[in-house]
Amino acid sequence: MASFVHDLWESIFTPGPTPTLLVATNATFAALQVVLAGMLYATLSVHFVVLSALCAGLWAAINWFARELQEHQRREEAQKRRALAARHHPRPPTPPGESETEVEATRSTASLRRAPPPPPLPLPLPLPVVAAAAGGDAEAAEAAAGLKRRLVEETLPSPSQGLKSGVSTEDEWEKVSENENEKDK
């Protein structure tokens, strides 16, 4: 009994669930269930049924969490052992003509380098140009001629910048600035 109390005191300062701590936890919850059953028998109050159900749920949750924590610790230890073993026993390098993946095992990396690059994707046409080509509308073709292409940056825009359009017209910006000037007057 003295060694159990000593082990229990030491397990408080040890990270993770120790066997001694789990035994003490399970004994405490079992004793609480016995007390709640005795109170239910003595008073016949539904409150003790609810308290007993809550106690059982908490008891099961604590045991589940302790098992999951032990499993996680076991997996971490196994991963550390594998990393340590891999550091001490490195894999032999792959020969120059072979690939490490199963899919590319039959093709050599040299043949992959000799393959021509894929053709570039065509740029999308603005809507007025598509409409002019489809319907032969002269006004739409003139509107498309007034469009200027802007270069879109290679990097991703920040959330404050928003997305940039690939096509804009100077007339739209002028209309916006004219409307703002009229509102100020």
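Residue numbers (our numbering): 629 to 813.
Think of the CB as a built atom: it goes at the ideal place given N, C-alpha and C, for glycine as much as any other residue.
Requested in this report: With DSSP collapsed to three states, give me the class of HIS717.
Outcome: coil
Rounded separation between LYS803 and PRO746 - CA only
If you draw a straight line from the Cα of LYS803 to the Cα of PRO746, it is about 42 Å long.
Exercise. Could you give the C-beta distance for LEU660 and CYS683, rounded to a whole number, given that I count them as a contact under 8 Å?
Worked result: Going by Cβ atoms, the distance from LEU660 to CYS683 rounds to 5 Å, so yes, they are a contact pair.
If we count the other Cβ atoms within 10 Å of its Cβ and call it buried at 16 or more, is LEU664 buried or exposed?
Result: buried.
Once DSSP output is grouped into helix, strand and coil, what is the label at MET667? helix
Quick test of your reading: LEU668 and VAL677, contact by CB under 8 Å. State the CB separation rounded to the nearest angstrom. 6 Å
Same chain, Cβ closer than 8 Å to SER680, neighbours up to 5 away in sequence not counted
GLN661, LEU664, ALA665 and LEU668
Is the Cβ-Cβ distance between ALA694 and PRO643 less than 8 Å?
-> no
What does a CB cutoff of less than 7 Å around GLU782 pick up in its chain, not counting 5 residues either side in sequence? Residue placement at GLU782 is poorly supported in this model, since its pLDDT is 48, which falls under 50; the coordinates are not used for a value here.
Alpha carbon to alpha carbon, what distance is there between TRP637 and ALA733? In this prediction, ALA733 scores a pLDDT of 49, lower than 50, which makes its location untrustworthy; no coordinate-derived value is stated.
So, are the CB atoms of ILE690 and THR653 less than 8 Å apart? yes
Tell me whether THR648 sits in a helix, a strand or coil according to DSSP, three-state version.
helix
CA-to-CA distance, LEU697 to ALA711, given in whole angstroms: Distance between the alpha carbons of ALA711 and LEU697 is about 21 Å.
**Study point:** Three-state class that DSSP yields for PHE641 in the structure shown
**Key:** coil
Straight-line gap, ARG702 to HIS634 (C-alpha atoms, nearest Å)
25 Å
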